[in-house]
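Presented below is the structure to which this report refers.
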Amino acid sequence: MSQLDDVLAHIDADRPQALERLFALLRMQSISTDPAYAAECEKAADWLVEDLKSLGFEATRRDTPGRPMVVAHSGGEGRHVLFYGHYDVQPVDPLELWTRPPFEPAIEETAHGAVIRARGAADDKGQLMTFLEACRAWKAVTGKLPANVTILFEGEEESGSPSLIPFLEANAEELKAELALVCDTGMLDRNTPAIATRLRGMLGEQITIKAADKDLHSGSFGGPAANPIRILAKILAGLHDDEGRVTLPGFYDDVADLPADIKAQWDALKFDGEAFLGEVGLKVPAGEKGYSALEQIWSRPTLEFNGIIGGYTGEGFKTVLPAQASAKVSMRLVSQQDPVKLRAALRSYVESCLPADVTVEYKPHGGSMATELPTDTPEFTAAQAALTEEWATEAVFSGMGGSIPIVGHFRKILGMNSLMVGFGLDDDQIHSPNEKYELRSFHKGARSWARILDALAKA
Ligand SMILES: [Zn+2]
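Numbering-wise (the numbering used here), the sequence shown opens with residue 941 and increments by one.
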């Protein structure tokens, strides 16, 4: 038996105790957004500090203007990694939709097997405990960890992380490591483990087209007076072609093609775009021609209209020519697309479309670049192999249509990449009533981290 086999056997044997520990953490009502639960958040932070100390970590609770952070160091040899998770949870309302009290965790049998039912079971207490259980097993079997581990647990992730950036900046030296391990994502499906490596960036812009200095009667002024809705509609309609491509000049300049090996991996997933759309009452994938639905979400940029406002929108009819009309436009960005450059491109396109007597005003919203993590490093390759081994299914380098801000902060402030591995499933109902984490996710998650730590040590 190898050392790793002994560690995995220890995790198997220790299952009941591991579950008890997770349940203790789940009983704490650490809702970060509601000040009424501040003491519960502190209790959860203190509990984690004690648990980390019992694993031999030098662990401290760090108070912030909001909820406390937990920082811990194992010291020791090997690769230096920073593990991140969050102990705070979302509010539980509407409470009447829960089948059991959200802070009284229990195992429930379902069609897919046993699940842990409680607020935070998946997001993120169950996930962060998978890592601590892996550390516990390594420590129990070998007396040390296969890596030099620093831990950062946040208590404000579900309420916008107001203290995070100042905390990272003030403690950069202490928190810097070679690689961050982030456990707040999911599996591709119940058998396919995933390392999330691509997150899209975002930018928003509200565009307001203004013409006359007041609303006008369409009988008196219709014809000679410019109509902002008509002008806005033409501007928006001019932003895509019939193939679903964005026509804004320069939009695709900094978009890299998907590497052939990643594309082959994604194609092999046989992702069913029609079934995916079927869940929301649609059938035929729209969007950019020549790209699968999965490629569109994970690797292609978009320009979308999220809202449009103008004229009379109440019951009945009012024959008004409005003084102004607005649209909320957003882009999801990939590769090296630059939000500053694209905002300027959008504005100059809009201005090139304006007829005489018409002006435009803008209200910017957000602006962040995409994150694409390298997949060809020894660390990523080692982690992929470890996950593949545990789940007996090839681990996929996946994308995410949305974003995980912490990954950008780690890169910008601490200068390190993040290995995003998690064991959640799409139907875990995080943020909703009846959140669950599969018992299998919890158990195999711990085994996965034990293997990843071993693989990182050898990579
Ligand atoms: Zn989370």
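Each residue gets a CB set at the ideal place from its N, CA and C atoms; glycine is no exception. Source: prediction; values computed, not measured.
Rounded to whole angstroms, what's the CA-CA distance from Ala1158 to Pro1279? Just pull it up for me.
-> Note on identity: in this sequence residue 1158 is Ser, with Ala being the wrong assignment. Their Cα atoms are separated by approximately 39 Å.
Boundaries (first-last residue) of the beta strand (DSSP E) holding Phe1023 | Looking at the DSSP string, the run of the beta strand (DSSP E) that includes Phe1023 is His1020 to His1026.
For the 8 Å Cβ check, are there 3 or more pairs between the region 1346-1357 and the region 1033-1049?
-> Verdict: no, contact absent.
By a C-beta neighbour count over all protein chains shown, 10 Å radius and 16 as the cutoff for buried, is Asn1246 buried or exposed?
-> So Asn1246 counts as exposed.
In angstroms with no decimal places, state the Cα-to-Cα distance between Asp954 and Gly1126.
-> If I take the Cα positions, the gap works out to 24 Å.
Ala985 and Tyr1027 look like a contact to me (Cβ under 8 Å); what is the Cβ gap, rounded to whole Å?
-> So it is a contact: roughly 7 Å between Cβ atoms.
So, Cys1123 versus Gln1067, is the Cβ gap smaller than 7 Å?
-> Yes, these two residues count as a Cβ contact at 7 Å.
The alpha helix (DSSP H) spanning Met968 covers which residue range?
-> No alpha helix (DSSP H) holds Met968; DSSP gives it neither H nor E.
Going straight from the alpha carbon of Lys1229 to that of Asp1181, what length do you get?
-> Spanning the two alpha carbons is a distance of roughly 11 Å.
Do Thr1187 and Phe1337 have their CB atoms nearer than 7 Å?
-> Cβ atoms of Thr1187 and Phe1337: not closer than 7 Å.
For Gly1126, which residues does DSSP report across the bridge?
-> According to DSSP, Gly1126 bridges with Gly1364.
Whose C-alpha, out of Leu1261, Tyr1252, Leu1119 and Phe1107, is nearest the C-alpha of Pro1164?
-> Considering only alpha carbons, the answer is Leu1261.
Shortest alpha-carbon distance to Pro1168 belongs to which of Ile1248, Leu1104 and Glu1145?
-> The residue with the shortest Cα to Cα distance from Pro1168 is Ile1248.
How many whole angstroms separate the CB atoms of Val1029 and Ile971, which I take to be in contact at a CB cut-off of 8 Å?
-> With a Cβ gap of about 6 Å, Val1029 and Ile971 count as contacting.
Cβ neighbour criterion (16 or more within 10 Å) applied to Glu1049 | By the 10 Å Cβ count, Glu1049 comes out exposed.
Would Val1032 pass as a contact of Leu1121 if the rule is Cβ separation under 7 Å?
-> Val1032 places its beta carbon 7 Å or farther from that of Leu1121.
Hey, which unbroken runs of the beta strand (DSSP E) at 3 residues or more fall wholly within the region 993-1048?
-> Counting only runs of 3 or more, we get 998-1002, 1009-1013 and 1020-1026.
Report yes or no: do the region 1283-1294 and the region 1136-1154 share at least 3 C-beta pairs separated by less than 8 Å?
-> Three or more Cβ pairs closer than 8 Å define a contact, and the region 1283-1294 meets that threshold against the region 1136-1154.
Taking Cβ to Cβ, would you say Ala1058 is nearer than 7 Å to Ile1047?
-> Going by beta carbons, Ala1058 and Ile1047 fall outside the 7 Å limit.
For Arg1240, which of Ala1267, Trp1331 and Met1271 has the nearest alpha-carbon?
-> That would be Met1271, whose Cα lies nearest to the Cα of Arg1240.
For my contact list, Leu1172 and Ala1265 are in at a C-beta cut-off of 8 Å; report their separation, rounded to the angstrom.
-> Right, their Cβ atoms sit about 4 Å apart.
In the structure shown, what three-state DSSP assignment does Gln906 receive?
-> Given that the chain is displayed from residue 941 to residue 1399, the structure contains no residue 906 and the question cannot be resolved.
Thinking C-beta only, is Ser1099 closer than 7 Å to Thr1004?
-> Result no, Cβ atoms of Thr1004 and Ser1099 do not sit closer than 7 Å.
List the whole-angstrom C-beta distance separating Trp1331 from Asn1131, where the pair is believed to meet the contact cut-off of C-beta under 8 Å.
-> About 6 Å separates the beta carbon of Trp1331 from that of Asn1131, a gap short enough to meet the 8 Å contact definition.
So does Ala1394 have its beta carbon nearer than 6 Å to some heavy atom of ligand 1?
-> Looking at the sequence shown, residue 1394 is not Ala but Asp. If you check the C-beta of Asp1394 against ligand 1, you find no heavy atom less than 6 Å away.
CB-CB under 7 Å to Ala1325, same chain, minus the five flanking residues each way: which ones, in chain order?
-> The residues Ala1395, in chain order, have a CB closer than 7 Å to that of Ala1325 in the same chain once the five nearest residues on each side in sequence are set aside.
Consider the C-beta atom of Asp1124 and the heavy atoms of ligand 1; say whether any pair is separated by less than 6 Å.
-> Asp1124 Cβ: within cutoff of ligand 1.
Assuming Val1298 contacts Ile1149 (C-beta within less than 8 Å), just tell me the rounded distance between them.
-> Between Val1298 and Ile1149 the beta-carbon gap is near 6 Å, inside 8 Å, which marks them as a contact.
Looking at the unbroken beta strand (DSSP E) that takes in Glu1219, where does it start and where does it end?
-> First-last for Glu1219: undefined, no H or E at that position.
Assign Ile1091 to one of three DSSP states: helix, strand, or coil.
-> Reduced to three states, the DSSP call for Ile1091 is strand.
Between Ala1166 and the rest of its own chain, which residues show a CB-CB distance below 7 Å, the 5 nearest in sequence each way excluded?
-> The answer, listed in chain order, is Ala1151, Pro1295, Asp1297 and Val1298.
Could you name the residues that DSSP lists as bridge partners for Ser1308?
-> Bridge partners of Ser1308: Met1142.
Can you check whether the CB of His950 is closer than 7 Å to the CB of Ala1077?
-> Yes, they are a contact pair.
Looking at Asp1194 and ligand 1, is the gap between the Cβ and the nearest heavy atom below 6 Å?
-> The nearest non-hydrogen atom of ligand 1 is 6 Å or more from the C-beta of Asp1194.
Ligand 2 heavy atom lying under 6 Å from the CB of Asp1155 = Ligand 2 is not part of this structure, which contains only ligand 1.
Regarding Asp1367 and ligand 1, is the C-beta to nearest heavy atom distance less than 6 Å?
-> Placement of the Cβ of Asp1367 at a distance of 6 Å or more from every heavy atom of ligand 1 is found.
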